[in-house]
Amino acid sequence: MALIVAVPKEISAGERRVALVPDAVKQLKSKGVDVVVERGAGLSAGFDDEAYERAGATIEADPKALFARADFLLKVQAPAELPDGSNELDALRPGSMLVGFLQPLDAPELAGRLAAAKVTAFAVELMPRISRAQAMDALSSMSSLAGYRAVLLAADALPRIFPMLVTAAGTIAAARVLIVGAGVAGLQAIATARRLGAIVEAYDTRPAVKEQVESLGARFVELDLETGDAEGAGGYAKAQSEEFYQRQREQLAKRVAAADVVITTALVPGQRAPLLIEESAVRAMRRGSVIVDLAAEKGGNRACTEADREVVVQGVRILGPTNLPSDLASNASQMYAKNLVTFLLHLLKDGKIELDLEDEITRGALLTHQGEIANEAVRSRVAKGTA
4 MALIVAVPKE ISAGERRVAL VPDAVKQLKS KGVDVVVERG AGLSAGFDDE
54 AYERAGATIE ADPKALFARA DFLLKVQAPA ELPDGSNELD ALRPGSMLVG
104 FLQPLDAPEL AGRLAAAKVT AFAVELMPRI SRAQAMDALS SMSSLAGYRA
154 VLLAADALPR IFPMLVTAAG TIAAARVLIV GAGVAGLQAI ATARRLGAIV
204 EAYDTRPAVK EQVESLGARF VELDLETGDA EGAGGYAKAQ SEEFYQRQRE
254 QLAKRVAAAD VVITTALVPG QRAPLLIEES AVRAMRRGSV IVDLAAEKGG
304 NRACTEADRE VVVQGVRILG PTNLPSDLAS NASQMYAKNL VTFLLHLLKD
354 GKIELDLEDE ITRGALLTHQ GEIANEAVRS RVAKGTA
């Protein structure tokens with residue numbers, strides 16, 4: 004009997020992406036996999052039911068029936084509450100599999116529920132950052148889109164243009180953009196701001212990213228801080244001491260005050276976002292300046308940020324979007340589907356899912372299996388939370 008992969012419609016507020024696009028369905032069908040898609044699942048991303056049917060998928064109107072049929076459920080967001088008050092998680096069959104953004108370090112209680120339901124779950128956030136897994140790295144795919152979109156939001160909000168412009172009325176200077184955090188989102192933000200003609204400088208605690216920043220045409224900001232241990236596993240920034248962050252805020256304040264646009268992207272997995280910009284630094288900015296805080300969902304990189312709201316402080320507009328990839332739902336879904344299909348084909352052997360727990364990719368992404376939490380870091384968080 005063929006493996007059944009199911010794709011429900013995302014029901015989390017504001018989510019427009021879909022886990023598979025029609026082209027991805029074709030790819031799975033060519034490998035002998037049956038695909039079931041909930042009616043209307045792709046509409047918000049620009050993919051209608053007829054496109055899925057032409058690709059070989061079956062359309063299912065009842066979400067609970069879809070969950071009941073699924074051997075492997077593909078989602079964007081973590082299981083959410085259904086209109087009848089039940090949770091998508093409750094509809095999963097014991098022994099079935101799930102993959103999606105499951106917030107393993109930020110919401111570890113979900114892992115406990117998945118384990119109790121005997122669901123084998125993979126969290127895309129846990130995908131190891133190794134060369135073999137690059138095509139499966141959904142976190143990087145979505146971060147890249149977030150960095151791009153953040154610059155467009157800033158450009159739209161800023162009451163001036165980004166590029167230098169020479170006109171009969173005089174020369175207009177280019178906008179000055181400061182990017183804080185040069186991970187995937189930050190690097191894409193740098194590239195986008197440069198394409199729009201801005202003067203860009205970027206700061207990161209990890210000295211190793213200086214070459215990447217400069218290769219994109221931006222100036223790398225170096226502060227008088229000891230940053231030798233700033234990089235952790237997988238290339239992510241490590242949390243630092245409060246004394247470090249205080250000195251960092253003091254030294255960044257001058258750069259912030261000189262910028263027309265500040266985009267912050269600094270995150271530490273499983274922790275509150277580090278506070279990098281104090282309100283006093285915001286108040287020192289020129290009226291009309293714009294700040295886009297991509298860490299808003301984790302508390303924000305500045306004191307004034309509010310998730311999914313615009314805050315104005317002394318004429319400075321502060322935006323705190325939490326799901327920018329959803330604004331680009333079509334391309335985001337295409338990229339995410341590619342990540343998931345590549346991962347599924349990695350697990351697929353002769354038409355069946357075979358879990359090789361010695362494999363670094365499989366083991367790294369695995370969150371729950373056989374009634375247990377498989378990831379040690381998540382297991383530890385759950386244990387501390389229930390002690």
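Number 117 in our numbering belongs to position 114 of the sequence shown; there are no gaps in the numbering.
Idealized CB from N, CA, C, for every residue including glycine.
Keep in mind that this is a model prediction, so the values were computed, not measured.
With a CB to CB cut of under 7 Å and the five nearest residues on each side skipped, what residues in its chain are close to residue i?
{"i": "His372", "result": "Thr123"}
{"i": "Ser15", "result": "Gln80 and Ala83"}
{"i": "Ser47", "result": "Arg19 and Ala332"}
{"i": "Val224", "result": "Glu204, Ala205, Tyr206 and Arg258"}
{"i": "Cys307", "result": "Glu282, Val285, Val314, Val316 and Ile321"}
Just grab the DSSP bridge partners of residue i for me.
{"i": "Leu413", "result": "It is not possible to answer for residue 413, since the shown part of the chain is limited to 4 through 390."}
{"i": "Ile14", "result": "Partner(s): none; Ile14 has no beta bridge."}
{"i": "Asn90", "result": "Glu84"}
{"i": "Val224", "result": "Tyr206"}
{"i": "Thr325", "result": "In the DSSP output, where bridge partners are listed per residue, Thr325 has none listed."}
{"i": "Glu375", "result": "His372"}
{"i": "Glu63", "result": "Glu41"}
{"i": "Phe165", "result": "Beta-bridge pairing links Phe165 to no other residue."}
{"i": "Val319", "result": "Val316"}
{"i": "Leu135", "result": "The question names Leu, yet the displayed sequence has Arg at residue 135. Beta-bridge pairing links Arg135 to no other residue."}
{"i": "Met4", "result": "Answer is none; Met4 lacks a bridge partner."}
Going by DSSP in three states, residue i sits in which element: helix, strand or coil?
{"i": "Gly173", "result": "strand"}
{"i": "Glu281", "result": "coil"}
{"i": "Ala9", "result": "strand"}
{"i": "Asp296", "result": "strand"}
{"i": "Ala194", "result": "helix"}
{"i": "Met288", "result": "coil"}
{"i": "Leu219", "result": "coil"}
{"i": "Asp37", "result": "strand"}
{"i": "Leu369", "result": "strand"}
{"i": "Lys352", "result": "strand"}
{"i": "Glu253", "result": "helix"}
{"i": "Val127", "result": "helix"}
{"i": "Ala390", "result": "Its pLDDT being 41, under 50, Ala390 is placed unreliably in this model, and the coordinates cannot settle the point."}
{"i": "Met145", "result": "helix"}
{"i": "Met338", "result": "helix"}
{"i": "Glu363", "result": "helix"}
{"i": "Leu23", "result": "coil"}
{"i": "Glu53", "result": "helix"}
{"i": "Glu313", "result": "strand"}
{"i": "Val381", "result": "helix"}
{"i": "Arg179", "result": "strand"}
{"i": "Val264", "result": "strand"}
{"i": "Leu155", "result": "helix"}
{"i": "Leu76", "result": "strand"}
{"i": "Arg305", "result": "strand"}
On the premise that residue j lies in contact with residue i, defined as a C-beta separation below 8 Å, what is that separation, rounded to the nearest angstrom?
{"i": "Leu6", "j": "Asp74", "result": "5 Å"}
{"i": "Ala188", "j": "Val216", "result": "13 Å between Cβ atoms; not a contact."}
{"i": "Gly17", "j": "Gly354", "result": "In fact, because the Cβ distance is near 37 Å, the residues do not count as touching under 8 Å."}
{"i": "Pro25", "j": "Ala58", "result": "4 Å"}
{"i": "Ala269", "j": "Leu279", "result": "6 Å"}
{"i": "Ile193", "j": "Ala177", "result": "Not a contact, Cβ separation roughly 14 Å."}
{"i": "Leu129", "j": "Leu322", "result": "Not confirmed; about 29 Å, so no contact."}
{"i": "Leu77", "j": "Leu343", "result": "6 Å"}
{"i": "Arg250", "j": "Leu219", "result": "Incorrect: roughly 27 Å between the Cβ atoms, too far for contact."}
Suppose the cutoff is 8 Å on Cβ atoms and the five residues either side in sequence are ignored; what does the same chain contact list for residue i look like?
{"i": "Pro97", "result": "Ala120, Lys121 and Val122"}
{"i": "Pro131", "result": "Gly237, Glu363, Ile364, Gly367 and Ala368"}
{"i": "Asn90", "result": "Pro82, Ala83 and Glu84"}
{"i": "Ala94", "result": "Pro66, Lys67, Phe70, Ala71 and Leu85"}
{"i": "Asn334", "result": "Leu148"}
{"i": "Glu56", "result": "Ile62"}
Take residue i and list the residues in its own chain whose beta-carbon comes closer than 6 Å to its own, dropping the five residues that flank it on each side.
{"i": "Ile294", "result": "Val265 and Ile321"}
{"i": "Gln317", "result": "Arg286"}
{"i": "Met100", "result": "Phe75 and Thr123"}
> Between the stretch 326–345 and the stretch 142–160, do at least 3 Cβ pairs fall closer than 8 Å?
Replying inline: yes
> Below 8 Å, can you find three or more Cβ-Cβ pairs linking the stretch 33–44 to the stretch 62–69?
Replying inline: yes
> Is the number of C-beta pairs between the stretch 248–264 and the stretch 285–297 that are closer than 8 Å three or more?
Replying inline: yes
>> Pairs of beta-carbons, one from the stretch 328–344 and one from the stretch 140–149, closer than 8 Å: are there three or more?
In response: Touching, yes, given that three or more Cβ pairs across the two stretches are closer than 8 Å.
> Taking one C-beta from the stretch 26–38 and one from the stretch 347–362 each time, how about it: are there three or more such pairs within less than 8 Å?
Replying inline: yes
>> With three or more C-beta pairs closer than 8 Å as the rule, is the stretch 159–179 touching the stretch 106–120?
In response: no
> Is the number of C-beta pairs between the stretch 263–281 and the stretch 300–318 that are closer than 8 Å three or more?
Replying inline: yes
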